[in-house]
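Q: These protein sequence lines are chains E and A, in that order.
Just so you know, the working numbering puts 62 at position 41 of the first sequence, and the rest follows in order with no gaps.
Just so you know, the working numbering puts 153 at position 140 of the second sequence, and the rest follows in order with no gaps.
All C-beta atoms, glycine included, are put in the ideal place defined by N, C-alpha and C.
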Amino acid sequence: MRRRLPVLAMMFFAISPAWAQSSPPVDQAEQIRVLLERVQQLEKRVAELETKPAAAGAVVTAANIPAAAKPEMVPAPPPGSGHQHETAERQAATEQLEVHYPSLQIRGFGDVDFSATDQKGTTSGFNEGQLDLHLASALSRKVTYFGEITFNAQPTSVYTVDVERSIIRYDYNDFFKLSFGRYHTPIGYWNTAFHHGAWLQTTIARPDFVKFGGTFIPVHFLGFLAEGNIPSGGAGLSYNVGVGNGRGSPISRPGDAGDINDNRAWVANLYSRPARLYGLQMGVSVYRDKITLLGTQPNGNNFREWISAAHIVWTKETPEFLAEFANVNHRNILTNFVTNSQAFYAQVGYRLPWLERTLKPYYRFEHTHVPLSEQVFTNQNLVQSIVGMRYDITNYAAFKGEYRYFKRLPTDPWVNGAFFQTDFTF
Amino acid sequence: MNATNKRIVTFLWTILWASLALQSPSTAQTRGADIAVVVNADTPVTDLSLSEVRKVLLGERQYWNSKLPVVLLIRAPEARERDVVLRVIYQMSEAQFKQYWVAKIFRAEAATPPRIVYSNDMQYELLTALPGSIAFVDSRNIRAGVKVLRVDGHLPGEKDYPLR
Chain E
22 MRRRLPVLAM
32 MFFAISPAWA
42 QSSPPVDQAE
52 QIRVLLERVQ
62 QLEKRVAELE
72 TKPAAAGAVV
82 TAANIPAAAK
92 PEMVPAPPPG
102 SGHQHETAER
112 QAATEQLEVH
122 YPSLQIRGFG
132 DVDFSATDQK
142 GTTSGFNEGQ
152 LDLHLASALS
162 RKVTYFGEIT
172 FNAQPTSVYT
182 VDVERSIIRY
192 DYNDFFKLSF
202 GRYHTPIGYW
212 NTAFHHGAWL
222 QTTIARPDFV
232 KFGGTFIPVH
242 FLGFLAEGNI
252 PSGGAGLSYN
262 VGVGNGRGSP
272 ISRPGDAGDI
282 NDNRAWVANL
292 YSRPARLYGL
302 QMGVSVYRDK
312 ITLLGTQPNG
322 NNFREWISAA
332 HIVWTKETPE
342 FLAEFANVNH
352 RNILTNFVTN
362 SQAFYAQVGY
372 RLPWLERTLK
382 PYYRFEHTHV
392 PLSEQVFTNQ
402 NLVQSIVGMR
412 YDITNYAAFK
422 GEYRYFKRLP
432 TDPWVNGAFF
442 QTDFTF
Chain A
14 MNATNKRIVT
24 FLWTILWASL
34 ALQSPSTAQT
44 RGADIAVVVN
54 ADTPVTDLSL
64 SEVRKVLLGE
74 RQYWNSKLPV
84 VLLIRAPEAR
94 ERDVVLRVIY
104 QMSEAQFKQY
114 WVAKIFRAEA
124 ATPPRIVYSN
134 DMQYELLTAL
144 PGSIAFVDSR
154 NIRAGVKVLR
164 VDGHLPGEKD
174 YPLR
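#1: Within 8 Å (strictly less), CB to CB, does residue 111 of chain A reach chain E?
#2: Does the count of Cβ pairs from the region 159-172 of chain E and the region 101-114 of chain A closer than 8 Å reach three?
#3: Which residue wins for smallest C-alpha separation from residue 75 of chain A, given the options E:314, E:192, E:257 and E:204?
#4: Which residue or residues does DSSP assign as beta-bridge partners of residue 82 of chain A?
#5: Can you give the beta carbon distance from residue 90 of chain A to residue 107 of chain A, rounded, assuming they're within the 8 Å contact cut?
#6: Identify every run of the alpha helix (DSSP H) within the region 205-264 of chain E, keeping only runs that are complete inside it and at least 4 residues long; order them along the chain.
#7: What residues from the region 113-125 of chain A come within 8 Å of chain E, judged by C-beta to C-beta, listed N to C?
#8: Starting from residue 347 of chain E, trace the beta strand (DSSP E) in both directions and tell me its first and last residue.
#9: Please list, in chain order, the chain E residues whose beta carbon lies closer than 9 Å to that of residue 139 of chain A.
#10: To which residues of the same chain is residue 334 of chain E closer than 6 Å at the C-beta, ignoring the five residues directly before and after it?
#11: Quick one: what's got a C-beta closer than 6 Å to residue 440 of chain E's C-beta in the same chain, skipping five residues either side?
#12: I'd like to know if residue 265 of chain E contacts chain C, where contact means its C-beta is closer than 8 Å to some C-beta of that chain.
#13: Using 8 Å as the threshold, is the C-beta distance between residue 205 of chain E and residue 241 of chain E below it?
#14: What does residue 188 of chain E reach in chain A if we use C-beta pairs closer than 9 Å?
#15: Would you please verify whether the beta carbon of residue 450 of chain E is less than 8 Å from any beta carbon of chain A?
#16: Which complete alpha helix (DSSP H) runs does the region 273-318 of chain E hold, if anything under 4 residues is left out?
#17: Roughly how far, in whole angstroms, is the beta-carbon of residue 292 of chain E from the beta-carbon of residue 304 of chain E, given that I think they are within contact range, below 8 Å?
#18: For residue 427 of chain E, write down the residues that DSSP places opposite it in a beta bridge.
#19: Please classify residue 271 of chain E as buried or exposed, where buried requires at least 16 other C-beta atoms within 10 Å of its C-beta.
#20: What does DSSP give as the partner residues of residue 53 of chain A in its beta bridges?
#21: To the nearest whole angstrom, what separates the beta carbons of residue 158 of chain A and residue 54 of chain A, a pair I think is in contact under 8 Å?
#22: Against chain E, with Cβ distances strictly below 8 Å, would residue 134 of chain A count as a contact?
#23: Taking only three categories from DSSP, how would you classify residue 41 of chain A?
#24: Over what stretch of residues does the alpha helix (DSSP H) that includes residue 114 of chain A continue unbroken?
#25: As a quick exercise: from A:63, A:58 and A:73, pick the residue whose alpha carbon is nearest that of residue 48 of chain A.
#26: Closest Cβ-Cβ distance between residue 67 of chain A and chain E: below 8 Å?
#27: Taking residue 134 of chain E as part of the alpha helix (DSSP H), name the residues at either end of that continuous run.
#28: Just to confirm the assignment, what range does the alpha helix (DSSP H) spanning residue 142 of chain A have?
#29: Measure the alpha-carbon distance for residue 151 of chain E versus residue 285 of chain E and round it to whole angstroms.
#30: Confirm, please, whether the CB-CB distance from residue 190 of chain E to residue 192 of chain A is below 8 Å.
#31: So is residue 331 of chain E in contact with chain A if we call contact Cβ pairs under 8 Å?
#32: As a quick exercise: from A:150, A:69, A:92 and A:93, pick the residue whose alpha carbon is nearest that of residue 83 of chain A.
#33: Can you look up residue 152 of chain A in the DSSP assignment and give me helix, strand or coil?
#34: Less than 8 Å between the CB atoms is what I'm expecting for residue 385 of chain E and residue 368 of chain E, so what's the real figure, rounded?
#35: Against chain E, does residue 7 of chain A count as a neighbour if the rule is that its beta carbon must be under 8 Å from one of theirs?
#36: Give me the Cα-Cα distance between residue 104 of chain A and residue 65 of chain A, rounded to the nearest whole angstrom.
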């Protein structure tokens, strides 16, 4: 005990000054100065109000606020106050008040990648990724244009330029918005959540069954779309319903220059963002089309397609959880032969609390099954696990590193791969 | 441990806890004023639930009615009003908030981000001039000519008011 007492005494005397330093006593002169400044501000404001006519109409004013909300402390005046500050503020206010149409805003996304795998026949190396430009322009209070253009490095040519989205939207109110153009098809979650902005998504790449250039679901859609909220109280229901050209030729493209057949495709998507569970979204989608394959097929080249999909996501980052499932049903119109292909993924991530919350480890499991009897798709089987880490260098740029372990066909060997990406928005 | 040592230990612990109690500021001292939800006086709304305020701020509700769009005004970083809005309503960090609006526009769900205001004066100027505008104001600085909304049935200063 005799040994403990001096230790306790030393701890106490060591800690006490530290507390004292962390919250010094308020200087009275400083308080008076701040109060005087506050009085001057209030006097100035009173003078302004006296010169203006009182606002008409029954409005709730400061007088209606309970006494507990009355001033009790004086906020410090903003730094840099003075004539220059007021002029800058006045200019900012004027800019905010002025509305110009059209008001074009451009934002870009880009990424640079590196990959290396032990798969035979592949080479390791860097990849330019996509350069993506997004355009948003209000044409009036209720009409807006959105566009997305990508520049893609190609092995056989220098670059290709693609119009990914081009949409003009008319808003009636929150319950009905009508748009025309080329979209990312509202099937499931990922396809309309991240578009071509790699920086927005946690992982380096999209899930395989929604990848760009893939055929499992029609990633793009050309036609019209109605969307909006559904009055549903706390259920937070919303919808998208669209009619368009459907799959073109090749089936990965949406028939930009015209439909390949006389049949229109349609899509319906219903999702819920419950008010009580902020961050949760769950939904279901259906897509119906007639596919016409080019060339002569032994059993006919027309197929009916039904896609049904469901998703559930928790978009907060502690943790983040995304899961989607899709079933693609194809029926040969001539023979009535039916095939079903399924794909799903589940992804979980967690924003770590350290290092200013810049680190986010994640894991994704993906599975795609296409039966051997499938008549429209080539084989897309996949079993894949991805473990990775995202590091946000700034608010607008990130580094990502991933290890992937996957195989396509049951007879294929497992492949190990390391993938790295830096992506950004500008 | 003899009686003298016990008394010394008790004394030191008493001093230690008393120091802690004196050093830690009281709740009333640290708690800032409530943040009022104020709208342009002509906006046809008087009462919103916290989840409805959240829908407005998230850009999921963009119209007060079919003729009147919502105009979101948010204080610039470092303002206490912004801190409370991000913490209580958005439940996001500054970085997440910025990313949210980049994504929102990228998804074609909104044409513009919230308008940034740098002071109370600027905020009131825009609030009175822009129909459908909504802003978040320290309840000690409320001025005439705008409408203060009840949130979950409470006005700023009332016991269960959620924005503080």
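A: Considering the structure as presented:
#1: yes
#2: no
#3: E:192
#4: A:76
#5: 6 Å
#6: 211-214
#7: 115, 116, 118, 119, 120, 121, 124 and 125
#8: 341-353
#9: 114, 117 and 118
#10: 210, 302 and 343
#11: 136, 225 and 423
#12: The displayed structure is made up of protein chains E and A, and chain C is not among them.
#13: yes
#14: 121
#15: With chain E covering only 22 through 447, there is no way to say anything about residue 450 of chain E.
#16: none
#17: 3 Å
#18: E:405 and E:436
#19: exposed
#20: A:159
#21: 6 Å
#22: yes
#23: Since pLDDT at residue 41 of chain A reaches only 38, below the 50 mark, its modelled position is unreliable, and no value is offered.
#24: 107-119
#25: A:63
#26: yes
#27: Run containing residue 134 of chain E: none in the alpha helix (DSSP H); it sits in the beta strand (DSSP E), 124-138.
#28: 133-142
#29: 31 Å
#30: Because residue 192 of chain A is not part of the residues shown, which for chain A are 14 to 177, the question remains open.
#31: no
#32: A:69
#33: helix
#34: 4 Å
#35: No answer is possible for residue 7 of chain A: the residues shown for chain A start at 14 and end at 177.
#36: 15 Å
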